[in-house]
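Enquirer: The following block contains the structure, expressed as structure tokens.
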DNA sequence: GCAAGTTTGTATTTTTTTTTATTAATTCAA
DNA sequence: TTGAATTAATAAAAAAAAATACAAACTTGC
């Protein structure tokens, strides 16, 4: 575990051996397939004898393991090496308005433990924060994984977050210092926080369709609307970590009031919340819908999307309208950033059939032909665990293991 | 000159010494002030004895020079070292519709030679391309700088450019391969191209107010409208190098037809061209202006800005309107990318007095309070040579010397 | 089934780099 | 003015890495 505690970029006279071992482990853990000694040595610019020696030491330290031999055309077959995924773990926590969940991942980002507190209700109080830390502590104990084997914890938290400073503005903002600072006094490992949109982007980058993409958008379309942008292979956090407020772009002509206090925000027309509101308005204005007829409780956007899939005319028309407006907004940003792929994530990701064409036609409406031609529209495949996977990936990302 | 010819990231068994020397030269050339041996050794993670040896070898090679001693509080005073700025040169060329200019810069990005072809008219013909290469060849000869001492050439060219592939879509598009490929057969050094907006951003990053900024916008407001975005310290080129088409954001309500074929483009209201058009319309509609009365030839946007500065009411009102709309659009993008600074560059940069407040109020109209608070609005100070400075900087940027 | 060709991996030698020790240059206080 | 403290640069010793040479493991063609 010592291997990851020091910062590789540090200027101190850290031994090259340490740095080189870290490089080897980073390389092996980032690689999809196991690598041979010559491959590793080439990548980390090391001679084969020293590379072999370092790898053998890493094997002695139980950090990497040999795993068979590569099938080759000719010549002696090289042994293959990979990181022992159970050497260390990372914790992902997601705190939302009505839910608190935790997962523990190994170095291969496979979930090895998960826990959930269904009764949890997020409040901006010390008691609530205590509840969160207690839940984390207890879950880690339950998992049976020693705290010293945990590399770090990533936390996704509702509301506005300054991921660089580790500050949460809407919840747990009563602390003297940062939220991450507070949490790090409770645990023996480093803690990172970010908002759900950035975590969704990270999950998509690590597991999903944004893998290896240098320029991409990951739209987080659920109750609200956000967007993670990948430029030059890195998620854009912005100067204070606020980047991604797609829902507050002022580009729609309607005069719906947004909860940010302004009018004309994209999120007042393109978001789960907006879809629910508009549906209600339409029903009140006399439109008919199978869904409204059979719904016993409040209609939520998930139900509207399902109804659209089942052929409900009003639902289809509203979904198409939403998709078209989203596409138009995306086309605008596409002109600016020229991404290679746009991925629709969040809870709307399942509604590909209904949304794909309308988003596409919206994009055609606003995007220039050259950047549009080089951009593909995709829908996320990571699923609803995206946020917690992103939270877990946060630590490995910071440690350069992913 | 050999020092810069190999790519540092190569996987071949390049000697570490070569890489380390490149690192030392990069570090010294990037640094604003000369550095001492211990400082260099700390930064490039080398022991003082080897660092000293390599620096002495670089001095023997005439690449770096000693330049006095540092004044310190106590202890032996260290010698200071810096790159010999006349060791190598980079060429910057700018090709616009009616003008062709070239400058040669030393490693300190000081202009050591410049030439201009005033009669040049850009055409998409082989003759025109021949004229360009002949002008470059002749200018280099005139400068007296040997071609073998030139690191490379950066070229800014009007029209749409794929900077990654080295393709120019609007001009010299008749070539079999890329434009950079063609030029590299004519010269013994590497050639890079980009569009004026990216070069403006680079110039601002190297010389101007975007220096050391990790997240910034550099608006190119001249005849047209573009924007270079800096995220994570790097200019966003996009997947094909098309990033920055700010002028074609579809967010204005007017139905003016843009030359891209669409309506509602920001550039139809916010750009020098738009300002001229709107001014003409207003005069035709009966508005009065001192400028229109005394102008003998066609009124251009520069004249309108000057008139505004001198108190012409119509010009002021149009400029304010333009500023407000620009600010509104910037506020939208600011929500998305959370920059630390927005720099207004291009030919409108001189109109700070007239534009500052209106842009600011436009931004307040659309931006969220948190990202707005952390963003400063500035006006460029690089001046009209920005494009050619950016072109010259392109080579040094690619060689990691800047 | 064996020699030629190819690639991996290890042992040995050589080179390079770091570490440690030492000398040099400077300030400051007694 | 002299020596204690501090930092820089060099010299010598020790350690680490690379280069070289070679052995091991494999394929293929005869």
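Residue numbers (the working numbering), protein chains in the order written: chain A, 1 to 402; chain B, 1001 to 1402.
C-beta atoms are modelled at their ideal positions from N, C-alpha and C, and glycine is treated no differently.
Only a predicted model underlies this, so the values are computations on that prediction, with no experimental measurement involved.
Please classify residue 1038 of chain B: is it buried, with 16 or more other beta-carbons within 10 angstroms of its beta-carbon, or exposed?
Expert: With fewer than 16 other Cβ atoms within 10 Å, it is exposed.
Enquirer: Tell me, please, whether the region 1104-1114 of chain B touches the region 1039-1057 of chain B by the rule of three or more beta-carbon pairs shorter than 8 Å.
Expert: Counting Cβ pairs under 8 Å, fewer than three are found: no touch.
Enquirer: Return the bridge partner residues of residue 229 of chain A from the DSSP annotation.
Expert: Paired residues: A:217.
Enquirer: Flag this pair as touching only if the region 359-379 of chain A and the region 191-207 of chain A have three or more C-beta atom pairs under 8 Å; answer yes or no.
Expert: Short answer: they don't touch.
Enquirer: Given that residue 1240 of chain B touches chain A, what residues does it touch there, using C-beta distances under 8 Å?
Expert: Those within 8 Å of residue 1240 of chain B in chain A are 338, 370, 371, 374.
Enquirer: Along the chain, where does the beta strand (DSSP E) that runs through residue 111 of chain A open and close?
Expert: It spans 111-117 - the beta strand (DSSP E) in which residue 111 of chain A sits, taken as one unbroken run.
Enquirer: Need the endpoints of the alpha helix (DSSP H) that residue 1402 of chain B sits in, please.
Expert: Looking at the DSSP string, residue 1402 of chain B is not in any alpha helix (DSSP H), and its letter there is neither H nor E.
Enquirer: Does the distance from the CB of residue 216 of chain A to the CB of residue 340 of chain A come in under 8 Å?
Expert: The answer is yes: Cβ separation under 8 Å.
Enquirer: Run the CB neighbour count on residue 71 of chain A, radius 10 Å, all protein chains shown included, and call it buried at 16 or more, exposed below.
Expert: With fewer than 16 Cβ atoms within 10 Å of its Cβ, residue 71 of chain A is classed as exposed.
Enquirer: How is residue 35 of chain A classed by DSSP in three states: helix, strand or coil?
Expert: Of the three classes helix, strand and coil, the one that applies to residue 35 of chain A here is strand, per DSSP.
Enquirer: Give me the chain A residues within the contact set of residue 1158 of chain B, using Cβ-Cβ distance strictly less than 9 Å, ordered along the chain.
Expert: Simply none; closest approach about 16 Å.
Enquirer: Just curious, the alpha helix (DSSP H) that residue 196 of chain A is in, first and last residue?
Expert: Residues 196-206.
Enquirer: Among all the DSSP beta bridges, which residues are the ones paired with residue 1105 of chain B?
Expert: Answer is B:1090, B:1111.
Enquirer: Tell me whether the region 137-155 of chain A and the region 91-100 of chain A touch, counting them as touching only if at least three CB pairs, one residue from each stretch, are closer than 8 Å.
Expert: These segments touch.
Enquirer: Taking all protein chains shown into account, decide if residue 1076 of chain B is buried (16 or more other Cβ within 10 angstroms of its Cβ) or exposed.
Expert: The residue is exposed, with fewer than 16 neighbouring Cβ atoms inside 10 Å.
Enquirer: Show which residues of chain A have a CB atom less than 7 Å away from the CB atom of residue 1048 of chain B.
Expert: Here the premise fails: no neighbours, minimum Cβ distance about 10 Å.
Enquirer: What's the call for residue 247 of chain A, buried or exposed, on a 16-neighbour Cβ count within 10 Å?
Expert: With 16 or more other Cβ atoms within 10 Å, it is buried.
Enquirer: By the criterion of Cβ-Cβ separation under 7 Å, what are the contact partners of residue 1168 of chain B in chain A?
Expert: None at all; the shortest Cβ gap to chain A is about 13 Å.
Enquirer: Among residues of its own chain, excluding the 5 on either side of residue 1068 of chain B, which ones have a beta-carbon nearer than 8 Å to its beta-carbon?
Expert: Closer than 8 Å at the Cβ level, and outside the excluded window around residue 1068 of chain B, lie 1034, 1079, 1080.
Enquirer: Looking at chain B, which residues of the region 222-250 of chain A have a Cβ within less than 8 Å of any of its Cβ atoms?
Expert: For the region 222-250 of chain A, which is checked against every Cβ of chain B, the residues closer than 8 Å are 227, 229, 231, 232, 234, 236, 237, 238, 239, 240, 241, 242, 243, 244, 245, 246, 248, 249, 250.
Enquirer: Kindly indicate the opening and closing residues of the beta strand (DSSP E) around residue 154 of chain A.
Expert: Residue 154 of chain A -> beta strand (DSSP E) spans 150-157.
Enquirer: In whole angstroms, what separates the C-alpha of residue 397 of chain A from that of residue 344 of chain A?
Expert: So the alpha carbons of these two residues sit roughly 22 Å apart.
Enquirer: Excluding five sequence neighbours on each side, which residues of the same chain lie with their C-beta closer than 7 Å to the C-beta of residue 1159 of chain B?
Expert: Same-chain partners within the cutoff: 1168, 1169, 1170, 1171.
Enquirer: Taking contact to mean 3 or more Cβ pairs, one atom from each stretch, closer than 8 Å, check whether the region 246-265 of chain A and the region 301-311 of chain A are in contact.
Expert: At 8 Å Cβ cutoff, the stretches do not touch.
Enquirer: Quick one, which residues of the region 310-339 of chain A are near chain B if we go by CB-CB under 8 Å, in chain order?
Expert: Those residues of the region 310-339 of chain A that come within reach of chain B (Cβ to Cβ, closer than 8 Å) are 328, 331, 332, 333, 335, 336, 337, 338, 339.
Enquirer: Looking only at C-alpha atoms, which of A:49, A:350, A:58, A:125 sits nearest to residue 446 of chain A?
Expert: This structure cannot speak to residue 446 of chain A, because chain A is shown only from 1 to 402.
Enquirer: Spell out the partners DSSP gives residue 1265 of chain B in its beta bridges.
Expert: DSSP output for residue 1265 of chain B lists B:1250 as bridge partner(s).
Enquirer: Looking at the secondary structure, which residues open and close the alpha helix (DSSP H) in which residue 1275 of chain B lies?
Expert: Looking at the DSSP string, the run of the alpha helix (DSSP H) that includes residue 1275 of chain B is 1272-1284.
Enquirer: Quick check on DSSP: helix, strand or coil for residue 140 of chain A?
Expert: Reduced to three states, the DSSP call for residue 140 of chain A is helix.
Enquirer: Got a sec: is the Cβ-Cβ distance from residue 1149 of chain B to anything in chain A below 8 Å?
Expert: No - not a single Cβ of chain A is within 8 Å of the one on residue 1149 of chain B.
Enquirer: Give the single residue among B:1096, B:1061, B:1100, B:1098 whose Cα lies nearest to the Cα of residue 1087 of chain B.
Expert: Considering only alpha carbons, the answer is B:1061.
Enquirer: Taking 8 Å as the threshold (C-beta atoms), are residue 241 of chain A and residue 161 of chain A in contact?
Expert: In this structure, residue 241 of chain A lies closer than 8 Å to residue 161 of chain A by Cβ.
Enquirer: Considering just the uninterrupted stretch of the alpha helix (DSSP H) at residue 65 of chain A, what are its terminal residues?
Expert: Segment 64-69 is the beta strand (DSSP E) holding residue 65 of chain A; no alpha helix (DSSP H) there.
Enquirer: How far does the alpha helix (DSSP H) with residue 18 of chain A in it extend, from its first residue to its last?
Expert: It spans 16-30 - the alpha helix (DSSP H) in which residue 18 of chain A sits, taken as one unbroken run.
Enquirer: Could you check whether residue 251 of chain A and residue 266 of chain A sit closer than 8 Å to each other, using their CB atoms as the reference points?
Expert: Yes.
Enquirer: Can you find the residues in the same chain that come closer than 7 Å, C-beta to C-beta, to residue 1390 of chain B, ignoring five residues on each side of it along the sequence?
Expert: Here the set comprises 1156, 1199, 1200, 1202, 1203.
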